[in-house]
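What follows is a short report on a single structure.
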Ligand SMILES: Cc1ncc(COP(=O)(O)O)c(C=O)c1O
């Protein structure tokens, strides 16, 4: 039996008729970007996240970049994020012309450790970008408190956290703005690329709408912007999947619960869910005592796995010019040696889940 990390074939088989109809609708209307599908998705995603506005963009990276620019990040500003993230978080800071500053993460959730933030704030700090890694929300209350004290803009990197919640509020509604990705492997995904910025701030919305479309306003090209437009075909596909999203998230959580129960007691750390938080389980990340052994067992049994990330983003060669390669973040550095993601997606069959569990047991017992 083969168990893939994501199964887009199974998903397409289920949605094929509806997707082809939706694509036909887009091509018949020939409104190919920022049209009715995009507008409807913006309204639906804003409602889902419990915010007033959502602005659709081309990618999650654009959501981060344009979110920061709209939030007032300017060249030379410092933006504090984490090393334990996908490189796009730090790339977006650099593309905004800002200087990335990284802090370490909490050992349980692997999200920004708020107790390290105060020491990282300088007079040049303009924004904080916490990352809801793997789908677990960052500790937003202390982060927002500190941001308020220092008048800093907070942009959630919610690229992996569709449907997560923190103290009853949805990801994307916790900071001044939230950035989502609809990349193909994400919990809610396009068949290609897509992204979204969520916010309650109407001023931000106006700027974002200009920034994503070459700075265009009703009167002309008011500012220098970007081509960050969402494509209608992608918006139509994301909307179709959004109809199933609550059900799919429930399935992810039930798979996580099954893994949690079945794998307890083995020599591996299971994913942590902080009190009053809802994990979106984008990834089911374990930390085995012997990762090489688990990798070999999974490979032999046809179970796909992933190591996110083999290196903290700050240690990637691309970050050398910002002096980040030598920043020692002990929790992140240790995580890079320990983490391993097991398959978790709504299309997994009960037999596949059983096969993953049996394989981990056989390998580690
Ligand atoms: C944490 C994080 N931030 C940002 C991104 C960037 O999103 P995209 O690939 O849609 O540009 C991703 C995903 O790729 C991500 O996992």
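In the working numbering, the protein residues as written are 606 to 970. Cβ atoms here follow ideal geometry from the backbone N, Cα and C, with glycine treated the same way.
Burial state of residue i, where buried means 16 or more other Cβ atoms lie within 10 Å
{"i": "residue 925", "result": "exposed"}
{"i": "residue 848", "result": "exposed"}
{"i": "residue 964", "result": "buried"}
{"i": "residue 758", "result": "buried"}
{"i": "residue 632", "result": "exposed"}
{"i": "residue 606", "result": "exposed"}
{"i": "residue 742", "result": "buried"}
{"i": "residue 919", "result": "buried"}
{"i": "residue 614", "result": "exposed"}
{"i": "residue 688", "result": "buried"}
{"i": "residue 939", "result": "exposed"}
{"i": "residue 686", "result": "buried"}
{"i": "residue 902", "result": "buried"}
{"i": "residue 953", "result": "buried"}
{"i": "residue 611", "result": "buried"}
{"i": "residue 907", "result": "exposed"}
{"i": "residue 701", "result": "buried"}
{"i": "residue 647", "result": "buried"}
{"i": "residue 928", "result": "exposed"}
{"i": "residue 967", "result": "exposed"}
{"i": "residue 880", "result": "exposed"}
{"i": "residue 694", "result": "buried"}
{"i": "residue 635", "result": "exposed"}
{"i": "residue 837", "result": "buried"}
{"i": "residue 868", "result": "buried"}
{"i": "residue 917", "result": "buried"}
{"i": "residue 824", "result": "exposed"}
Contact set for residue i: own chain, Cβ-Cβ below 8 Å, skip 5 residues either direction
{"i": "residue 861", "result": "876, 884, 886, 889, 949"}
{"i": "residue 895", "result": "872, 969"}
Cutoff 7 Å; reference residue i; Cβ partners in own chain excluding five residues on either side
{"i": "residue 763", "result": "737, 776, 777, 783, 784, 785"}
{"i": "residue 645", "result": "844"}
{"i": "residue 752", "result": "733, 759"}
{"i": "residue 649", "result": "844, 847"}
{"i": "residue 810", "result": "658, 660, 804"}
{"i": "residue 697", "result": "666, 669, 670, 673"}
{"i": "residue 863", "result": "958"}
{"i": "residue 747", "result": "719"}
{"i": "residue 921", "result": "692"}
Residue nearest to residue i in terms of C-alpha spacing, selected from the options
{"i": "residue 657", "options": "854, 806, 689, 844", "result": "806"}
{"i": "residue 951", "options": "727, 791, 607, 706", "result": "791"}
{"i": "residue 608", "options": "942, 910, 933, 922", "result": "910"}
{"i": "residue 961", "options": "934, 899, 938", "result": "899"}
{"i": "residue 654", "options": "958, 873, 773", "result": "773"}
{"i": "residue 892", "options": "623, 728, 941, 706", "result": "941"}
{"i": "residue 714", "options": "639, 690, 902, 649", "result": "690"}
{"i": "residue 858", "options": "667, 626, 627, 739", "result": "739"}
{"i": "residue 946", "options": "641, 874, 797", "result": "874"}
{"i": "residue 818", "options": "824, 808, 834, 827", "result": "834"}
{"i": "residue 804", "options": "832, 779, 702", "result": "779"}
{"i": "residue 832", "options": "693, 667, 640, 636", "result": "667"}
{"i": "residue 934", "options": "662, 710, 866", "result": "710"}
{"i": "residue 664", "options": "720, 789, 695", "result": "789"}
{"i": "residue 944", "options": "684, 793, 897, 828", "result": "897"}
{"i": "residue 915", "options": "717, 750, 692, 630", "result": "692"}
{"i": "residue 638", "options": "927, 798, 824", "result": "798"}
{"i": "residue 936", "options": "699, 717, 967, 641", "result": "717"}
{"i": "residue 745", "options": "781, 727, 712", "result": "781"}
{"i": "residue 767", "options": "923, 829, 852", "result": "852"}
{"i": "residue 769", "options": "793, 755, 756", "result": "793"}
{"i": "residue 830", "options": "643, 822, 712", "result": "822"}
{"i": "residue 651", "options": "756, 800, 731", "result": "800"}
{"i": "residue 728", "options": "722, 747, 755, 721", "result": "755"}
{"i": "residue 771", "options": "627, 642, 878, 641", "result": "878"}
{"i": "residue 629", "options": "642, 930, 619", "result": "642"}
Neighbourhood of residue i by C-beta distance below 6 Å, restricted to the same chain and skipping five residues each side
{"i": "residue 586", "result": "It is not possible to answer for residue 586, since the shown part of the chain is limited to 606 through 970."}
{"i": "residue 621", "result": "none"}
{"i": "residue 795", "result": "787, 839, 842, 843"}
{"i": "residue 706", "result": "683, 685, 725"}
Residues sharing a beta bridge with residue i, DSSP
{"i": "residue 762", "result": "736, 784"}
{"i": "residue 874", "result": "892"}
{"i": "residue 638", "result": "836"}
{"i": "residue 690", "result": "Paired residues: none, contrary to the question."}
{"i": "residue 683", "result": "704, 730"}
{"i": "residue 865", "result": "According to DSSP, residue 865 bridges with nothing at all."}
{"i": "residue 826", "result": "821"}
{"i": "residue 770", "result": "775, 883"}
{"i": "residue 911", "result": "946"}
{"i": "residue 658", "result": "804"}
{"i": "residue 717", "result": "710"}
{"i": "residue 608", "result": "908"}
Near ligand 3: residue i beta-carbon under 7 Å from a heavy atom
{"i": "residue 632", "result": "For ligand 3, the structure offers nothing, since it holds only ligand 1."}
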